[in-house]
Amino acid sequence: MAPKTPQIKYKRIVVKLGTSLLTGGGASLDLNIISSLTAQLSSLHNRGAELAVVTSGAVASGRAKLGLTKKIKGIPYKQVLSSVGQSHLMYTYEKLFEPQNITVAQALLTRADLCDRAGYLNGRNTLLALIELGVISIINENDVVAVEELQGSRFGDNDNLSAMVANLIDADLLLILSDISGLYTANPSLHPEASLIPEVKKIDENIFALAGRSLGGLGTGGMLTKLQAAKMATACGISVIIAKGSEP
Ligand code: ADP
């Protein structure tokens, strides 16, 4: 008898893939990591999960595509890198999902779109219709018109956008995949003695006080914006898991 496929616990899942994960800490996208992630997402999709992916990595992809070795500073340049990188990023997802017969759709959103009632409803209707059709939406901030993600501001690295999307489509789970297994008692890069907190029941100021920013690499928001996203999503009744995406 064939082994029984385990039941999925959550039906509608928003998966956020961070820059630190997608680049594996390097300067450009790590194809091995992305293909492992798309294989796992395909398996979930084939088991009936309804998925939407919020992806970072456009700037890293654009930098590699243009063959830039040194970092060019400034937001307009980052917008250029992001617009070059976004199409390459989409192409990568499209190619990796294709063998599984999974169709993907690109959705570029800004927070302002979602704060406007008409924009909120249009975004919601489109994303829900895509789910209905079995299409996986690949969502990113529209960096050509919005710079919050690029500024690495407190909204940083798509974490808050992923919580807004989870709320928008009434997700059961927001899965934030990064280069770290979850929230530690302090940033483990600075405090090697820090330990993993397996579960947080309430996100209050004591929990926020544990979170630091991202150090080095291309990550932006660090743990702070992940906790902001977790607070927003859990307030809407959505479970949140922060996990290391390089682990199956
Ligand atoms: P991503 O690009 O996936 O969004 P970031 O690099 O922005 O990821 O954020 C993850 C990083 O946050 C970790 O690698 C770690 O250096 C940092 N960090 C800061 N404080 C903490 C903490 N308390 N627990 C875990 N990670 C933390």
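Quick note on numbering: our numbering labels position 57 of the sequence shown as 109, and the sequence is numbered without any gaps.
For each residue, glycine too, the CB sits at the ideal point set by N, CA and C.
Same chain only: Cβ atoms within 8 Å of residue i, ignoring 5 sequence neighbours per side
i	result
Ala-295	Leu-227, Ile-228, Leu-229, Ser-230, Ser-233 and Gly-234
Tyr-172	Asp-165, Leu-166 and Leu-220
Thr-57	Arg-99
Val-252	Leu-235, Ile-259 and Ala-282
Ile-255	Leu-279, Ala-282, Lys-283 and Thr-286
Whether residue i touches residue j by CB criterion (8 Å)
i	j	result
Ser-113	Leu-141	yes
Leu-220	Leu-166	yes
Gly-161	Glu-193	Reading off the sequence, residue 161 comes out as Leu, not Gly. The answer is yes: Cβ separation under 8 Å.
Ile-65	Leu-103	yes
Ala-110	Asp-195	yes
Ser-291	Tyr-62	yes
Ala-198	Arg-176	no
Ala-285	Ala-181	no
Val-156	Tyr-143	no
Beta-carbon proximity list for residue i, same chain, < 7 Å, skipping 5 on both sides
i	result
Arg-169	none
Leu-148	Ile-86, Ser-87 and Thr-90
Pro-300	Gln-92
Asp-82	Leu-74, Thr-75 and Gly-76
Leu-179	Ala-104, Ala-159, Ser-189, Leu-220 and Ile-221
Ile-154	Ser-94, His-97 and Ile-188
Ser-247	Tyr-236 and Thr-237
Same chain, Cβ closer than 6 Å to residue i, five either side skipped, listed in chain order
i	result
Gly-278	Looking at the sequence shown, residue 278 is not Gly but Lys. Asp-211, Ile-228 and Ile-294, listed in sequence order.
Ala-101	Ile-60 and Ile-65
Arg-115	Leu-133
Asn-239	Gly-264
Leu-276	Ala-263
Leu-120	none
Arg-206	Confidence is the limiting factor: at Arg-206 the pLDDT is only 46, short of 50, which leaves the residue's position unreliable, though a coordinate-based value still follows. There are no such residues.
Ser-80	Ala-112 and Ala-116
Met-216	Leu-166
Environment of residue i [buried if 16+ CB atoms lie within 10 Å]
i	result
Gln-138	buried
Val-105	buried
Ile-191	buried
Lys-68	buried
Ser-72	buried
Leu-74	buried
Thr-237	exposed
Ser-108	buried
Leu-281	Here residue 281 is Ala; the residue named in the question, Leu, does not match the sequence. Ala-281 is buried by the Cβ-count criterion.
Gly-126	exposed
Leu-242	exposed
Ile-249	exposed
Gly-186	exposed
Gly-289	exposed
Gly-78	exposed
Inter-stretch contact (C-beta, 8 Å, three-pair minimum) for the region 126-135 and the region 93-104: no
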